[in-house]
Amino acid sequence: MNYFLYKNNQLHCEEVAIQEIAAQVGTPFYLYSKATLRRHFQAFDSAFTAPHITCFAAKSCSNIAILNLFSSLGGGADIVSGGELFRALTAGVDPQKIVYSGVGKSRDELKYGLESGILMFNVESEQELDALQEVAASLGVQAPVSFRVNPDVDPQTHAYISTGLAKNKFGIPIADAPAAYQRAAAMANIEVKGVSCHIGSQLTQVSPFVESLAKVKKFIHRLHKSGCPIKYLDLGGGLGITYDDEEPPAPLDYARALEAELGDLGCTLILEPGRVIVGNAGILVTKVLYTKQGGKKFTIVDAGMNDLARPSLYGAHHTILPVEERGQGREMGDVVGPICETGDFLARDKEVPLSRQNDLLAVMSAGAYGFSMASNYNSRPRVAEVLVDGAKFHVIRRRETLESLIAGEMIP
Ligand SMILES: Cc1ncc(COP(=O)(O)O)c(C=O)c1O
Numbered sequence: 037m038n039y040f041l042y043k044n045n046q047l048h049c050e051e052v053a054i055q056e057i058a059a060q061v062g063t064p065f066y067l068y069s070k071a072t073l074r075r076h077f078q079a080f081d082s083a084f085t086a087p088h089i090t091c092f093a094a095k096s097c098s099n100i101a102i103l104n105l106f107s108s109l110g111g112g113a114d115i116v117s118g119g120e121l122f123r124a125l126t127a128g129v130d131p132q133k134i135v136y137s138g139v140g141k142s143r144d145e146l147k148y149g150l151e152s153g154i155l156m157f158n159v160e161s162e163q164e165l166d167a168l169q170e171v172a173a174s175l176g177v178q179a180p181v182s183f184r185v186n187p188d189v190d191p192q193t194h195a196y197i198s199t200g201l202a203k204n205k206f207g208i209p210i211a212d213a214p215a216a217y218q219r220a221a222a223m224a225n226i227e228v229k230g231v232s233c234h235i236g237s238q239l240t241q242v243s244p245f246v247e248s249l250a251k252v253k254k255f256i257h258r259l260h261k262s263g264c265p266i267k268y269l270d271l272g273g274g275l276g277i278t279y280d281d282e283e284p285p286a287p288l289d290y291a292r293a294l295e296a297e298l299g300d301l302g303c304t305l306i307l308e309p310g311r312v313i314v315g316n317a318g319i320l321v322t323k324v325l326y327t328k329q330g331g332k333k334f335t336i337v338d339a340g341m342n343d344l345a346r347p348s349l350y351g352a353h354h355t356i357l358p359v360e361e362r363g364q365g366r367e368m369g370d371v372v373g374p375i376c377e378t379g380d381f382l383a384r385d386k387e388v389p390l391s392r393q394n395d396l397l398a399v400m401s402a403g404a405y406g407f408s409m410a411s412n413y414n415s416r417p418r419v420a421e422v423l424v425d426g427a428k429f430h431v432i433r434r435r436e437t438l439e440s441l442i443a444g445e446m447i448p
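In the numbering used here, the protein residues as written are 37 to 448.
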């Protein structure tokens with residue numbers, strides 16, 4: 037359920053006509069609905085009855101206004117870089133609700149995390165553990181640690197966003213984890229706190245989550261027996277959304293299935309949802325520059341693969357709607373951007389709105405891995421981000437300028 041709806045044939049975000057925002061902010065821009073963000077966060081968070089912390093995956097949508105909103109609703113953050121830590125802290129996220137994942141944390145990043153007093157590091161290799169021990173010793177502190185275990189479970193999703201198979205770079209093999217925990221427990225500046233696991237993104241079935249939890253649960257029982265207390269069980273993120281015709285489980289069904297498998301392990305759950313909260317709470321608004329008939333019909337818009345990478349990167353589907361519905365109908369064709377790459381498309385061989393110059397189009401379901409994956413490729417300033425709250429809208433990130441493109445560059 038989201039708040040992007042037509043009223044009098046004009047697409048609105050909550051109570052604001054998108055055309056009005058475009059007239060004031062220009063195009064392209066990302067547009068988020070606060071009521072939708074709030075609703076999705078609360079639907080997910082309240083689905084769990086066990087003690088838990090919902091640590092929003094900052095990588096999916098990292099604007100500080102959005103991190104701040106989830107923090108005000110009691111959430112934390114799942115981060116994967118020093119940059120995301122900086123954002124989370126700036127947004128006011130409680131450090132004791134921040135978990136830090138990622139295979140390649142640098143020593144500077146480990147130090148930043150320790151100095152900030154985050155809840156725990158999800159360590160992904162034995163060498164990272166050694167580095168963390170060294171950095172913690174140099175600061176004279178204890179590093180809170182969980183190992184990210186790789187359960188070798190197939191999440192049945194796109195290969196690029198599958199993370200829990202043995203052939204993926206993430207985590208340590210679950211078979212090697214007992215030895216890793218034993219080593220960690222003996223280290224002077226390491227405090228073992230939890231076990232973590234994240235098997236992939238855009239999962240549309242609950243069974244891979246349950247299969248992976250069953251393996252991790254068995255492992256935690258084993259750790260408890262060997263006298264290693266585990267306070268936190270981090271189940272990662274990954275719940276999918278409907279982009280097209282997918283039918284992912286609702287958060288309540290997901291939570292029920294997980295809690296049924298969990299039993300009474302006595303751990304506080306950490307959850308790291310990203311896409312399921314922001315995916316359908318944001319859209320990309322773009323303007324038609326030109327249309328042309330080549331070997332097929334092309335609608336050329338002012339947003340490209342640098343603004344929304346998912347179609348080019350994953351062949352992902354995003355439904356495209358006209359901002360003004362005047363009965364124009366739809367046609368087969370491509371919606372393409374201005375980038376000099378054949379792979380630059382927002383829709384390829386899809387039914388798209390029959391458009392004319394200056395029409396506004398809404399690229400739906402773009403809230404997750406949209407702006408956060410945007411780049412300056414082809415020296416295109418990154419677009420503005422706008423948040424609607426009822427009848428008002430706020431620019432939460434200004435459109436970049438030409439000056440900002442070369443900030444930091446020097447001619448020697
Ligand atoms: C460690 C970790 N946690 C959470 C997430 C969020 O996943 P999603 O946006 O699918 O919920 C990701 C994304 O890949 C991740 O790598």
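C-beta: ideal position from N, C-alpha, C; glycine also.
None of the values given here were measured: they were computed from a predicted structure.
Within 7 Å of the C-beta of Q238 there is at least one heavy atom belonging to ligand 1. Assigned with DSSP and collapsed to three states, A173 falls in helix. The criterion of a C-beta distance shorter than 8 Å is not satisfied by Q55 and L397.
If only complete runs of 3 or more residues are kept, the stretch 365-411 shows the beta strand (DSSP E) at 366-372, 381-389 and 396-399, in order along the chain. CA-to-CA, the gap between E283 and L438 works out to about 42 Å.
Around the Cβ of E361, a 10 Å sphere holds fewer than 16 other Cβ atoms; the residue is exposed.
With at least 16 other beta carbons inside 10 angstroms of its own, N158 counts as buried. Taking every protein chain shown into account, the CB of G299 has fewer than 16 other CB atoms within 10 angstroms, so this residue is exposed. Under the three-state reduction of DSSP, F206 is assigned to coil, being neither helix nor strand. Pairwise C-beta distances place the stretch 370-377 in contact with the stretch 407-414, as three or more of them are shorter than 8 Å. Taking 8 Å as the cut-off, the Cβ atoms of C233 and P265 do not count as close. Between T322 and S391, the C-beta spacing is not below 8 Å.
Look at V312: its beta carbon is less than 7 Å from one of the heavy atoms in ligand 1.
A Cβ-Cβ separation of about 5 Å places L275 in contact with Y290 under the 8 Å criterion. The beta carbon of C49 sits closer than 6 Å to those of F40, L67, S69 and V424, all from its chain and outside the five residues before and after it, given in chain order. In the three-state reduction of the DSSP assignment, V135 falls in the strand class. In this chain, the alpha helix (DSSP H) harbouring G149 covers R143 to S152.
In this structure, DSSP gives H430 an extended state, which the three-state scheme calls strand. Excluding its 5 nearest sequence neighbours in each direction, K333 has C-beta neighbours in its own chain below 8 Å: T327, E367, M368, G369 and D370, listed in chain order. Shown here for A224: same chain residues with a beta carbon closer than 8 Å to its own, the five before and five after excluded, namely Q169 and A173 in chain order. Note that the C-beta distance between R433 and N204 is not below 8 Å. Taking a C-beta distance under 8 Å as the contact criterion, H354 and L382 qualify as a contact pair. If you look at Q78, you'll find it in the alpha helix (DSSP H) that goes K70 to D81.
Ligand 1 never approaches A215 closely enough for any of its heavy atoms to be under 7 Å from the residue's Cβ. Counting C-beta pairs with one atom in each stretch, the stretch 344-359 and the stretch 98-113 have fewer than three that are closer than 8 Å, which means they do not touch.
Counting along the chain, N186 sits inside the beta strand (DSSP E) bounded by residues A179 to N186. Not a single unbroken stretch of the alpha helix (DSSP H) spanning 4 or more residues falls wholly within the stretch 224-251.
With respect to the 8 Å criterion, V399 and I336 are not classified as neighbours on the basis of their beta carbons. Spatial neighbours of E160 in its own chain (CB-CB distance under 6 Å, excluding positions within 5 residues in sequence) are listed in chain order as V139, R184 and G207.
Your pair V312 and H76 checks out as a contact, with CB atoms roughly 7 Å apart and the cut at 8 Å.
Taking 3 residues as the shortest admissible run, the stretch 42-70 contains the following complete beta strand (DSSP E) segments, listed from N- to C-terminal end: 46-49 and 65-69. Its chain contains S96, C97, G403 and A404 as the residues whose beta carbon lies nearer than 6 Å to that of V314, once the 5 sequence neighbours on both sides are disregarded; these appear in chain order. Partner residues in the beta bridge of M156, as assigned by DSSP, are V135. Spatial neighbours of A293 in its own chain (CB-CB distance under 8 Å, excluding positions within 5 residues in sequence) are listed in chain order as V242, F245, V246 and P285.
S137 has its Cβ nearer than 7 Å to a heavy atom of ligand 1.
With distances taken between CA atoms, G373 lies nearest to P64 out of P64, K43, N45 and V177.
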